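**Q** Structure in structure tokens, see below.
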Amino acid sequence: MDEAPIQAKYFDGASSRRRDVLVSLRPDGLLAQEGAETLAFWPYDAIRRADSGGVGMRLRSARAAELARLDIPDEDDARRVAALCPRLDDHAGGRVSSGRIVLWSLAATASILLIAVFGLPLLADRLAPMIPRSWEAHIGNVVDGQFKAIFGNKTCASEDGDAALAKLVGALAKAHGLDLSSSPAVIDSRVPNAVALPGGRIYVFRGMIEAAETPDELAGVIGHEMGHVAGRDGMRRLIQSGGTSYLIGLLFGDVTGSGAAIWITRTLLDSAYSRDAETHADDFAAAALAKLGRSPEPLGELLVRVTGEKKASPMSILASHPVSGERLERLRARKIVATGPQLLDFGEWRALKAICSKANAKPVDKPADKPRN
Amino acid sequence: MTEADTTAGYIRLPGSTLPPPPDGPKPLVFDGDAGEFFRIAAKGAALQLVTFGFYRFWLVTDIRRHLWSRTSLDGDRFEYTGYGRELLIGFLFALAILSPIYLAYFLLGLEAERYKAFASIPLFLFFYLFQQFAVYRARRYRLTRTIWRGVRFWMAGSGWSYALRSFGWMLLTVLTFGLMYPWRAAALERYKMRHTHYGDLQARFAGTGGQLLARIWMFGLVILAPIALVIASAVVQYRFGARLTTHPTAGFLLACAGIIGLTIPFLWPLLRAVEWRWWVEGVRFGEASAKCALRKRTILVLYVKFILSAMLVVALAGALIAAIVAGLTYGYGLKSADLIKMRGDWISYIASAGVVLFYLVVGLAVGAIQRYFLQRGLWAEVARATTIEGVQKLEAVGARGDAANALGEGLADGLDVAGF
């Protein structure tokens, strides 16, 4: 190896002084000399590559000062040196191959998704009953405030209507020994819907009362919402969606859980949990109605009437509720026929249906009523 | 260290071209290949897709290695010695710290909502401080991974002290309707730079708030003018106008406000150019200083190129989707209802997955374009415009400082304030 010495720049890692050196390739290592002074001797197997910006080659030594560097500007020289260094690109795990990163990422993702799909529902099931009622009531109050802000705090009330609603609710609650902290209220909105908030407050929307043709249909809806209260689904949902946002945020590097990709994934996972909860609430309503000697079928019929005969569509995977037709079939499969007395008599039912009509409306709450449709 | 020492160590290779005068200004050179950077960004985007985003730590590392090593001063290249793995570990540590904080934040938020007096302002404050802490510590990580001539850059100082300063100055800035902004920038840079070192050479920041104000006051006017015009218009309307018709003067003032308001988005690149220039010229390492000839329109052009390319990508993606839908509808005579009947629930899974995938691909493509223009482009232009005076004062600096951990980077990643 007695070829021409290599011109190079040497930095000893102790000062920023640049030394213009001549490198000679010895049998067991390279020797950097400035004039007659030997500045470094690097054994070949300790030499590693450092970033040279695509020009020539920059070397470091695993056995020299951490930041000592040798810059070899000439490409041919660089190749000659590279051929002698057996562990030039051995970075002791510092630089990882893309393949390994992909593999580990997939494993981590699979583990996170498994926790989200199987672990979280389990966790929520166990945790929700352990949360003190008083906490749940706090959360319920917060949600109630937001809910009222959205729907403009417009509730309906009339003496006869309230009495009829209280009778219906009382019967259902008694059937299951459920102790509701507050009685249901009617929201003046044309949307046919009903909701149960954490803490047990139930809201029935005017649209749902208008859509219901018999007391049984409405009783089914209220029974369904009571099912949510009994199952503490509000709390479970809170734990689950908090957990999923967090886990999905973990994946995409945003712990707060914002961003559209996160939103889409979350919605998919959340609605899967929610459909389970809906099915259980339906079962709860059916059981309550059966105790009162009434059939749960009208609930299914009402749902089909409200949502239309929807079949599975691309959006149904995003929907929080199971398809109404499927729910009707499930309820029909129970084959319960009405044997008991009607839950409300004709007069009571008429009063409840009219609970939001102009004559009964509280003037403060409803300054300008929209035409009915 | 004396003058004689530094010149004694300065020996040129025989046969090299005529050396420039040793004490003349030296340009900061960036010679990175644009295509190579684009390949790094594109490959990174693709790998981010298959790794569900985890590749970002290695992508950021690759980009920094590229930018640092293609930048040289006085013939010697910079080097970035960080590893993607360090960033991943930093992120995991940040998670361990942030998770209980987020839980506490969630519970506190519930309580705060109950006692309206609290509201959520103290929580916001807490997160602001945490973010600023992360910004400082992330800078420290990057700095300690930056090597030039075998000597490390490093940073001391306290992240919390910085965060408190940043908060105090932000408060002042808000209270003065932004007037104190230049002094805030100068004070924070002074803190960062006086704790910044190259080996045993301490840095400082010589730029002042007054200098920055002199360069950006007209930006402030352009932002404040529409507000003033809207107020003036309202006053005219109230004083002289009829109830249902717009007073001509009020309408004119409002239109002026709108036109001036439209120019505000274009101010951002201009402001960045001015700030970069002010910053570069304010930095001192010992007796070395910098001159920067960065032009405002250079940065404006970069932003315009970025926005146009991003729009092109989104438009192409939209056209592709439209073509697929049209092809299915007309080409095969299928209605969307038929598609659903064909596979039942299956198709809905595929459709949802397709939508998510498509969204991610477009997002990542725009991200790669952004890195190309706004990271590489900006870096290259700032380097190209900068010359360093007194490089010879950097020639016998002793090595000092250790590599800092990547916790700050992890926090910055988790809190969405990550930079270069």
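Residue numbers (my numbering), protein chains in the order written: chain E, 1 to 373; chain H, 1001 to 1420.
Where is the CB? At the ideal position from N, CA and C, for every residue including glycine.
In this text, all values refer to a predicted model and were calculated from it rather than measured experimentally.
For the beta strand (DSSP E) containing residue 29 (chain E), name the first residue and the last one.
**A** It spans 29-34 - the beta strand (DSSP E) in which residue 29 (chain E) sits, taken as one unbroken run.
**Q** Strictly below 7 Å CB to CB, what residues from chain E border residue 1274 (chain H)?
**A** Neighbours of residue 1274 (chain H) in chain E, taken as residues at a C-beta separation under 7 Å, are lacking, since the least C-beta distance is about 30 Å.
**Q** Compare the Cα-Cα distances from residue 200 (chain E) to each of E:191, E:229, E:219, E:220 and report the closest residue.
**A** E:229
**Q** Alpha carbon to alpha carbon, how far is residue 173 (chain E) from residue 179 (chain E)? Give it in angstroms, no decimals.
**A** 7 Å
**Q** Against chain H, with Cβ distances strictly below 9 Å, would residue 41 (chain E) count as a contact?
**A** No, its Cβ sits nowhere closer than 9 Å to a Cβ of chain H.
**Q** Tell me whether residue 86 (chain E) is buried or exposed, calling it buried when 16 or more other Cβ atoms sit within 10 Å of its Cβ.
**A** exposed
**Q** Starting from residue 1162 (chain H) and walking both ways along the alpha helix (DSSP H), at which residues does that stretch end?
**A** Looking at the DSSP string, the run of the alpha helix (DSSP H) that includes residue 1162 (chain H) is 1159-1175.
**Q** Residues of the segment 1045-1057 of chain H in Cβ contact with chain E at a cutoff of 9 Å, in chain order, please.
**A** 1047, 1050, 1051, 1052, 1053, 1054, 1055, 1056, 1057
**Q** Kindly indicate which three-state DSSP category residue 1244 (chain H) falls into: helix, strand or coil?
**A** coil
**Q** Between residue 1441 (chain H) and residue 1164 (chain H), what straight-line distance do the alpha-carbon atoms span, to the nearest angstrom?
**A** Lying outside 1001 to 1420, the shown extent of chain H, residue 1441 (chain H) is not represented and no answer is given.
**Q** Using a Cβ cut-off of 8 Å, pull out every chain E residue sitting near residue 1395 (chain H), in sequence order please.
**A** Per Cβ cutoff of 8 Å: 16, 17, 18.
**Q** Could you please tell me which residues of the segment 1119-1153 of chain H, in chain order, have their CB closer than 8 Å to any CB of chain E?
**A** 1147, 1148, 1149, 1150, 1151, 1152
**Q** Using a cut-off of 7 Å between C-beta atoms, extract the partners of residue 1399 (chain H) located in chain E.
**A** 13, 14, 15, 67
**Q** Counting only Cβ pairs nearer than 8 Å, list the residues of chain H close to residue 234 (chain E).
**A** Within 8 Å Cβ-Cβ: nothing; residue 234 (chain E) doesn't reach chain H, min ~13 Å.
**Q** Note down, in chain order, every chain E residue with its Cβ under 7 Å from the Cβ of residue 1199 (chain H).
**A** 16
**Q** For chain E, check one thing: does any of its Cβ atoms lie closer than 9 Å to the Cβ of residue 1070 (chain H)?
**A** yes
**Q** Is it buried or exposed, residue 1218 (chain H), if we count other Cβ atoms within 10 angstroms and call 16 or more buried?
**A** exposed
**Q** Is it the case that the Cβ atoms of residue 212 (chain E) and residue 353 (chain E) are separated by a distance below 9 Å?
**A** yes
**Q** Buried or exposed: which applies to residue 91 (chain E), given that a residue is buried once 16 or more other Cβ atoms fall within 10 Å of its Cβ?
**A** Residue 91 (chain E) should be labelled exposed.
**Q** When you check each C-beta in the segment 122-135 of chain E against every C-beta of chain H, which residues fall closer than 8 Å?
**A** none
**Q** For residue 206 (chain E), count neighbouring Cβ atoms within 10 angstroms of its own Cβ and tell me buried if that reaches 16, exposed if not.
**A** buried
**Q** Please list the segments of the alpha helix (DSSP H) lying wholly inside the segment 1014-1077 of chain H, counting only runs of 4 or more residues, in order along the chain.
**A** 1034-1050, 1056-1069
**Q** Counting C-beta neighbours from all protein chains within 10 Å, is the total for residue 13 (chain E) 16 or more, i.e. buried, or is it exposed?
**A** buried
**Q** Closer than 8 Å, Cβ to Cβ, to anything on chain H: give me those residues from the segment 99-120 of chain E, in chain order.
**A** 101, 102, 104, 105, 106, 108, 109
**Q** Under 9 Å between beta-carbons, which chain E residues line up against residue 1077 (chain H)? List them in chain order, please.
**A** 51, 52, 53, 55, 58, 71
**Q** Alpha carbon to alpha carbon, what distance is there between residue 1274 (chain H) and residue 240 (chain E)?
**A** 48 Å
**Q** What are the complete beta strand (DSSP E) segments, minimum 3 residues, inside the segment 1224-1272 of chain H?
**A** none
**Q** At a Cβ threshold of 9 Å, is residue 1372 (chain H) touching chain E?
**A** no
**Q** If you count every other CB in all the chains shown that lies within 10 Å of the CB of residue 1312 (chain H), and 16 or more means buried, which is it?
**A** Classification of residue 1312 (chain H): exposed, given that the 10 Å Cβ count is below 16.
**Q** Figure out for me which residue from H:1309, H:1192, H:1413 has the closest Cα to the Cα of residue 1159 (chain H).
**A** H:1192
**Q** By a C-beta neighbour count over all protein chains shown, 10 Å radius and 16 as the cutoff for buried, is residue 1409 (chain H) buried or exposed?
**A** buried
**Q** Helix, strand or coil for residue 311 (chain E), going by three-state DSSP, please let me know.
**A** A caution first: residue 311 (chain E) carries a pLDDT of 48, below 50, which makes its placement in the model too unreliable to give a value.
**Q** Are the beta-carbon atoms belonging to residue 282 (chain E) and residue 299 (chain E) less than 9 Å from one another?
**A** yes
**Q** Below 6 Å CB to CB, which residues in the same chain sit around residue 1232 (chain H) once its five sequence neighbours on both sides are set aside?
**A** 1253
**Q** State yes or no: is the beta carbon of residue 1032 (chain H) nearer than 9 Å to at least one beta carbon in chain E?
**A** yes
**Q** Mind checking which residues open and close the alpha helix (DSSP H) that includes residue 346 (chain E)?
**A** 346-353
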